[in-house]
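One structure is given below, encoded as structure tokens.
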Amino acid sequence: MKVVGHQIHRYRRWFGALACSQATRLAAGAGVHLQLQASCGRRGFGDAAPWPGFGSGSSLKTITAQLEAAAEQLHGQELSEVMEIDDAVGELKLPSEGRHALELALLDLLAQEQERPLHELLGDGNRERIPVHRLIHDEEDAQRAAAAGASCVKLKLGASSLSEDLDRVRRIRRRVPAKLRLRIDVNGRWDLATAQEAERRLRPYAVEWLEQPLSNGDLGQLARFRSGSQIPIAVDECVRRLSDVDCIAAQQAADVVVIKPMFVGGLMAARAIYWRARDRKLRAIITHSLESCVGQAAAIQLAASLAGSLEVCGLAPHPPNAGSRATGAFVTVPRCAGLGAIPERPSGSPAKRERYTL
Ligand SMILES: [Mg+2]
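According to our numbering, the sequence shown is numbered sequentially starting from -18.
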């Protein structure tokens, strides 16, 4: 497979009912699609979409400029094995989101050339569907998810006062079957005292885990909090590289590692982190990063490549009604050759198209 050209297109991210600040909406409002052309005429797609507090911390402008230069350097290169792609992308020293995009577009091309679904390039797992949780905001969402067959839901807390958050959890638990699993994600919004009070008051509500209850960096503090917690602890924002898993395990700072391929530098790095976590006796799940259908499909391909038992992952489509891959508690893995996702260019006014293209 020889790369002969590339294009980069900007896309706008869909936020829906996500509770996030105006600053986050501005910083994370867009991502870019990378399209690589191979000499055979095939096109492979990648996705780079930063989010404050996650990944490299680079702006989309910086990521795009570095991705542009890196893609240019690949022109004329012959890449016919996964390890050659890993080496070639590694040498280009990209921020994690840029590396994710470039590696993904190359893997998409290679899988198409070999006429296999992308997950077959990555590992022995060959799943047809992936168990997923549903993101909910209130009791109506929770009821809808349960009625649609969901087995697990995830609720974001920490943007409101603790008493408002606890009221919401109480209302949700009252309206859904007891067997519906409830995960709570705080995105590092609580201080230690608030987290301790919240954990104690959440105990009656069968919470499966508390994700990133405290701010990002201090694993020692998280370990102290966990030692007094009856609810298991998950980490997300503080998982960026392989060595983070070693530190989390050594300090006994968490029970569960949440892995986002976009923010750890691509599918292969995410796979390595997953297996390192499992080796360290940590639970691990794969989630997407609310990026476009391209990045979301990549995370599904990664989960499909993982052999053995698999936890319920964060791979339900976003927006919730996007595509037809989701039914009840599962998403279906694309079986076609390659990634199985192509970015949609918006139709409509020239102004809209201009915003889409850098
Ligand atoms: Mg999270």
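We treat Cβ as the ideally placed atom computed from N, Cα and C, and that holds for glycine.
Practice item. Look up F26 in the DSSP assignment and say whether it is helix, strand or coil. Key: Against the sequence shown, residue 26 aligns to sequence position 45. F26: strand per DSSP, three-state reduction.
Exercise for review: From the DSSP output, in three-state form, read off K(-17) for me.
Suggested key: The sequence position of residue -17 within the sequence shown is 2, counting from 1. Three-state result, K(-17): strand.
Check your understanding: If you run the structure through DSSP and keep just helix, strand and coil, what is H81?
Key -> Counted from its first residue, the sequence shown places residue 81 at position 100. Residue state, collapsed to three classes: helix.
Check your understanding: Across which residues does DSSP place P98 in a beta bridge pair?
Key -> Residue 98 sits at position 117 when you count from the first residue of the sequence shown. BP columns for P98 point to G319.
Practice item. Could you tell me the boundaries of the beta strand (DSSP E) in which L17 lies? Key: By one-based count along the sequence shown, residue 17 stands at place 36. Element bounds for L17: 11 to 19.
Review point. Is V239 near ligand 2, with its Cβ less than 8 angstroms from a heavy atom?
Key: Annotation note on ligand 2: not contained in the displayed structure, which lists ligand 1 as its ligands.
Review point. Is D225 near ligand 1, judged by its Cβ being under 8 angstroms from some heavy atom?
Key: By one-based count along the sequence shown, residue 225 stands at place 244. No, the beta carbon of D225 sits no closer than 8 angstroms to any heavy atom of ligand 1.
Exercise for review: Could you pull out every residue in the same chain whose Cβ sits closer than 7 angstroms to the Cβ of L90, ignoring the five residues on either side in sequence?
Suggested key: Your numbering for residue 90 matches position 109 in the sequence shown. M(-18), L17, A19, R23, G25.
Practice item. Compare the Cα-Cα distances from S224 to each of W256, I117, L203 and report the closest residue. Key: Taking the sequence shown and counting its residues from 1, the one referred to as residue 224 is at position 243. Nearest C-alpha to S224: W256.
Review point. Where are the alpha helix (DSSP H) runs, 4 residues long or more, that stay fully inside the region 219 to 293, in chain order?
Key: 223 to 231, 242 to 245, 248 to 260, 274 to 285
Review point. Looking at C-alpha atoms only, which residue of G106, H118, R80, Q232 is the closest neighbour of G36?
Key: Within the sequence shown, numbered from 1, the residue matching residue 36 stands at position 55. Nearest of G106, H118, R80, Q232 to G36, Cα basis: R80.
Exercise for review: For D146, count neighbouring Cβ atoms within 10 angstroms of its own Cβ and tell me buried if that reaches 16, exposed if not.
Suggested key: Within the sequence shown, residue 146 is the residue found at index 165, counting from 1. Looking at its Cβ environment, which holds 16 or more other Cβ atoms inside 10 Å, D146 is buried.
Check your understanding: Between V226 and I254, is the Cβ-Cβ spacing less than 9 angstroms?
Key -> As a working mapping, residue 226 is identified with position 245 in the sequence shown. As a working mapping, residue 254 is identified with position 273 in the sequence shown. Yes, the pair counts as a contact, with Cβ atoms nearer than the cut-off.
Practice item. For my contact list, Q93 and A297 are in at a C-beta cut-off of 8 angstroms; report their separation, rounded to the angstrom. Key: The count along the sequence shown starts at 1 and reaches residue 93 at position 112. The count along the sequence shown starts at 1 and reaches residue 297 at position 316. That belief does not hold up - the Cβ atoms of Q93 and A297 are roughly 26 angstroms apart, past 8 angstroms.
Practice item. Compute the distance between the beta-carbons of L143 and D166, then report whether it is under 9 angstroms. Key: On the sequence shown, position 162 is the one that residue 143 refers to. On the sequence shown, position 185 is the one that residue 166 refers to. Cβ distance not < 9 angstroms, so L143 and D166 don't count as in contact.
Exercise for review: Quick one: residues in its chain with C-beta nearer than 8 angstroms to the C-beta of A346, no 5 flanking neighbours on either side, listed in chain order?
Suggested key: The chain is shown from -18 up to 339; residue 346 falls before or after that span and cannot be answered.
Practice item. Could you please give the first and the last residue of the uninterrupted alpha helix (DSSP H) stretch that includes V70? Key: Stepping through the sequence shown from its first residue, residue 70 is reached at position 89. That run of the alpha helix (DSSP H) goes 63 to 72.
Practice item. Out of Q211, G201, T5, point me to the one whose CA is closest to A231's CA. Key: Position 250 of the sequence shown, counted from the first residue, corresponds to residue 231. The option with the nearest alpha carbon to A231 is G201.
Practice item. Please report the residue range of the beta strand (DSSP E) in which I212 lies. Key: As a position in the sequence shown, residue 212 is number 231, starting the count at 1. First-last for I212: undefined, no H or E at that position.
Check your understanding: Starting from L48 and walking both ways along the alpha helix (DSSP H), at which residues does that stretch end?
Key -> Against the sequence shown, residue 48 aligns to sequence position 67. From DSSP, the alpha helix (DSSP H) with L48 extends over 41 to 55.
Review point. Hey, is D217 close to ligand 1, as in C-beta under 8 angstroms from one of its heavy atoms?
Key: Walking along the sequence shown from the start, residue 217 turns up at place 236. Yes, since a heavy atom of ligand 1 falls inside the 8 angstroms radius drawn around the Cβ of D217.
Review point. Is E101 near ligand 1, going by C-beta to nearest heavy atom under 8 angstroms?
Key: For the purposes of this step, residue 101 is identified with residue 120 of the sequence shown, where counting begins at 1. Not so, every heavy atom of ligand 1 lies at least 8 angstroms from the Cβ.
Check your understanding: Looking only at C-alpha atoms, which of F(-4), C1, A11, A(-2) sits nearest to H(-10)?
Key -> Residue mapping note: residue -10 aligns to position 9 of the sequence shown, counting from 1. Selected option, being the one with the closest Cα: A11.
Point to revise | When H100, A140, R149 are compared against A123, the one with the closest alpha-carbon | key: As a working mapping, residue 123 is identified with position 142 in the sequence shown. The residue with the shortest Cα to Cα distance from A123 is R149.
Exercise for review: Round the Cβ separation of D105 and A288 to the nearest angstrom and send it over; I've been treating them as touching at under 8 angstroms.
Suggested key: Within the sequence shown, numbered from 1, the residue matching residue 105 stands at position 124. Within the sequence shown, numbered from 1, the residue matching residue 288 stands at position 307. The Cβ separation is near 4 angstroms, so the contact holds.
Practice item. Tell me whether the beta-carbon of R261 lies closer than 9 angstroms to the beta-carbon of S286. Key: In the sequence shown, the residue the question calls residue 261 occupies position 280. In the sequence shown, the residue the question calls residue 286 occupies position 305. Going by C-beta atoms, R261 is not nearer than 9 angstroms to S286.
Practice item. Using DSSP bridges, identify the partner residues of E192. Key: If you number the sequence shown from 1, residue 192 lands on position 211. Paired residues: D166, A215.
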